[in-house]
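There are 2 protein chains.
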Amino acid sequence: MSLPHAILTALVEKPSSGLELTRRFDRSIGYFWSATHQQIYRELGKLETEGLIRELPGRQPARGQKKSYEVLPAGREELARWTAAPQDPRPLRDTMLLRLRAAAVVGTAGVGDDLRRHLDLHERQLAEYREIEERDFPPGRDGAEDRLRHLVLRAGIDLETFWTGWLRHALAEFAELPGEGAGAQNR
Amino acid sequence: MSLPHAILTALVEKPSSGLELTRRFDRSIGYFWSATHQQIYRELGKLETEGLIRELPGRQPARGQKKSYEVLPAGREELARWTAAPQDPRPLRDTMLLRLRAAAVVGTAGVGDDLRRHLDLHERQLAEYREIEERDFPPGRDGAEDRLRHLVLRAGIDLETFWTGWLRHALAEFAELPGEGAGAQNR
DNA sequence: ATACGCATGTAATCTGTTACATGATTGG
DNA sequence: CCAATCATGTAACAGATTACATGCGTAT
Numbered sequence: 582m583s584l585p586h587a588i589l590t591a592l593v594e595k596p597s598s599g600l601e602l603t604r605r606f607d608r609s610i611g612y613f614w615s616a617t618h619q620q621i622y623r624e625l626g627k628l629e630t631e632g633l634i635r636e637l638p639g640r641q642p643a644r645g646q647k648k649s650y651e652v653l654p655a656g657r658e659e660l661a662r663w664t665a666a667p668q669d670p671r672p673l674r675d676t677m678l679l680r681l682r683a684a685a686v687v688g689t690a691g692v693g694d695d696l697r698r699h700l701d702l703h704e705r706q707l708a709e710y711r712e713i714e715e716r717d718f719p720p721g722r723d724g725a726e727d728r729l730r731h732l733v734l735r736a737g738i739d740l741e742t743f744w745t746g747w748l749r750h751a752l753a754e755f756a757e758l759p760g761e762g763a764g765a766q767n768r
Numbered sequence: 582m583s584l585p586h587a588i589l590t591a592l593v594e595k596p597s598s599g600l601e602l603t604r605r606f607d608r609s610i611g612y613f614w615s616a617t618h619q620q621i622y623r624e625l626g627k628l629e630t631e632g633l634i635r636e637l638p639g640r641q642p643a644r645g646q647k648k649s650y651e652v653l654p655a656g657r658e659e660l661a662r663w664t665a666a667p668q669d670p671r672p673l674r675d676t677m678l679l680r681l682r683a684a685a686v687v688g689t690a691g692v693g694d695d696l697r698r699h700l701d702l703h704e705r706q707l708a709e710y711r712e713i714e715e716r717d718f719p720p721g722r723d724g725a726e727d728r729l730r731h732l733v734l735r736a737g738i739d740l741e742t743f744w745t746g747w748l749r750h751a752l753a754e755f756a757e758l759p760g761e762g763a764g765a766q767n768r
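As given, the protein sequences belong to chains A and B, one line each in that order.
Positions 582 to 768 (my numbering) are the ones given, in order, by the first sequence.
Positions 582 to 768 (my numbering) are the ones given, in order, by the second sequence.
Below is the structure:
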């Protein structure tokens, strides 16, 4: 129940078409709330029906034509209401941890290589976040909006820092496991 | 596509009934792959149909009667295959981060209180993990299975450490935001 | 004219959530 | 006998994923 609010947030920041939203989800919002273009189009339809957003006036109608939306006052209110309401953190669902637990009973074949690959992925993501931080949040600016957005980016950086650290630790442990030189075994 | 493998892992560790699995998901496996009893029963049915698990022999049939399952060789093979195959990390979906981004445009009302509540939740979870670590992983044991399971628990501990650290940082930032004494405002 | 990329959308399927229904067992 | 609890399950729905369909605009 958060996708509509992710979209409302994006549209309040800047009115956009479906594809533009998709691009922005790929770049920035999707770092903590991912969505595909199908989800976005479907949800835009719903939000329009519910009167929370509307098509920007001065438009072409047809299919294959760009169609931009803006947030209506009702949408802004709904977003404010949702933001203010308490919500429990959603339970974690992580495949790598599950695989390690499975590896404890069926063997570690293949897992070491993928740990290395994940480390690489997380290192890249971390580097990307740090670039964004340098570019968008140079020292000594502090509007309230900037601070909040910086805080969110900080979470991303800290989270990737956690993953890279843990993955390195995991790889070190793996190196000490019996028979983990080349990578495979099944008990 | 991981719930069946979570269940297979649990059943390889120890044959169980649906409700016993549900309990174990609440306690241990669910820390990184949560599931409700409905999901579990549905999936047990599928796994049995596919010939990956079977009912423990020596059974009563009827509804309301306990029904335990064990993993068949085909199930163990499928689990090993899945564990060894590379998988991309699933994209992050975090509501609190989304809310902060929304708060940057619609105001921070209510968010501060919930940050505090989340900090409390994550501190409790961290304490629970640490207790498990003390109880189940005293210094100086090192079977391969133990090491892998400890590694998974370590991820939980490090992750909760990240959250509590970040939430404290966020609360400190909030304290400096204009008008954030009592908690509410809308721009 | 056709092929490519942009843009919007439909459909089918799978996964997860919520609410409820039913039988068995046990303690009062 | 009754209520509570254990245990299994159904049904309906909501959310997410995957594959595909269609139309427009532009460059070759």
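Think of the CB as a built atom: it goes at the ideal place given N, C-alpha and C, for glycine as much as any other residue.
All figures in this text were calculated on a predicted structure; none of them were measured in a lab.
Cα-Cα separation, residue i to residue j
i, j, result
"B/LEU707", "A/GLU636", "47 Å"
"B/ARG705", "A/PRO672", "14 Å"
"A/GLY764", "A/ASP694", "Residue placement at A/GLY764 is poorly supported in this model, since its pLDDT is 43, which falls under 50; the coordinates still yield a value, given next. Cα-Cα distance, rounded: 7 Å."
"B/GLU714", "A/HIS618", "43 Å"
"A/TRP614", "B/ASP723", "39 Å"
"A/ARG662", "A/ARG608", "26 Å"
"A/LEU758", "B/LYS627", "35 Å"
"A/PHE743", "B/GLN646", "45 Å"
"A/THR630", "A/ALA587", "17 Å"
"B/GLU709", "A/SER649", "48 Å"
"B/LEU589", "B/GLY656", "7 Å"
"B/PRO670", "A/GLU726", "30 Å"
"B/TYR612", "A/PRO638", "49 Å"
"B/LEU600", "B/TYR622", "9 Å"
"A/HIS699", "B/ARG716", "30 Å"
"B/ASP701", "B/ILE610", "22 Å"
Host beta strand (DSSP E) of residue i (start-end)
i, result
"B/ARG635", "634-636"
"B/GLU741", "B/GLU741 -> not in any beta strand (DSSP E); alpha helix (DSSP H) instead, spanning 725-757."
"B/GLU651", "649-652"
Residue span of the alpha helix (DSSP H) that contains residue i, given as start and end
i, result
"B/GLU601", "599-608"
"B/GLN619", "618-630"
"A/GLN668", "Careful: A/GLN668 lies outside any alpha helix (DSSP H) and carries neither H nor E."
"B/THR590", "584-594"
"A/GLN646", "Taken as a continuous stretch (DSSP letters only), A/GLN646 belongs to no alpha helix (DSSP H), as it is neither H nor E."
"A/ALA708", "692-717"
"B/THR676", "676-687"
CB of residue i within 8 Å of CB of residue j, strictly
i, j, result
"A/LEU729", "B/ALA690", "no"
"B/LEU732", "A/ALA751", "yes"
"A/HIS703", "A/LEU653", "no"
"B/ALA591", "B/LEU584", "no"
"A/PHE755", "A/LEU734", "no"
"A/GLN668", "B/THR676", "yes"
"B/LEU679", "A/ALA736", "no"
"B/ARG605", "B/SER597", "yes"
"A/ARG697", "A/ILE738", "no"
"B/VAL593", "A/VAL692", "no"
"A/GLU651", "A/ILE634", "yes"
Quick one, which residues of the region 617-631 of chain A are near chain B if we go by CB-CB under 8 Å, in chain order?
Taking 8 Å as the Cβ-Cβ cut-off against chain B, none of the residues of the region 617-631 of chain A qualify.
Can you give me, in chain order, the residues of the region 677-694 of chain A that have a beta carbon less than 8 Å from any beta carbon in chain B?
Listed in sequence order: MET677, LEU678, LEU679, ARG680, LEU681, ARG682, ALA683, ALA684, ALA685, VAL686, VAL687, GLY688, THR689, ALA690, GLY691, VAL692, ASP694.
If the cut-off is 8 Å on Cβ atoms, which residues from the region 586-616 of chain A count as contacting chain B, listed in chain order?
Residues HIS586, ALA587, LEU589, THR590, VAL593, GLU594, ILE610, GLY611, TYR612, PHE613, TRP614, SER615.
Beta carbons nearer than 7 Å to chain B: which residues of the region 697-710 of chain A have them?
Those residues of the region 697-710 of chain A that come within reach of chain B (Cβ to Cβ, closer than 7 Å) are ARG698, HIS699, LEU702.
Determine which residues of the region 642-667 of chain B have a Cβ less than 7 Å from any Cβ of chain A, and write them out in chain order.
Residues ARG657, LEU660, ALA661, THR664, ALA665, ALA666, PRO667.
Using Cβ-Cβ distances below 9 Å, what residues of the region 714-741 of chain B are close to chain A?
If the cut-off is 9 Å between Cβ atoms, the region 714-741 of chain B has ASP723, ALA725, GLU726, ASP727, ARG728, LEU729, ARG730, HIS731, LEU732, VAL733, ARG735, ALA736, GLY737, ASP739, LEU740 near chain A.
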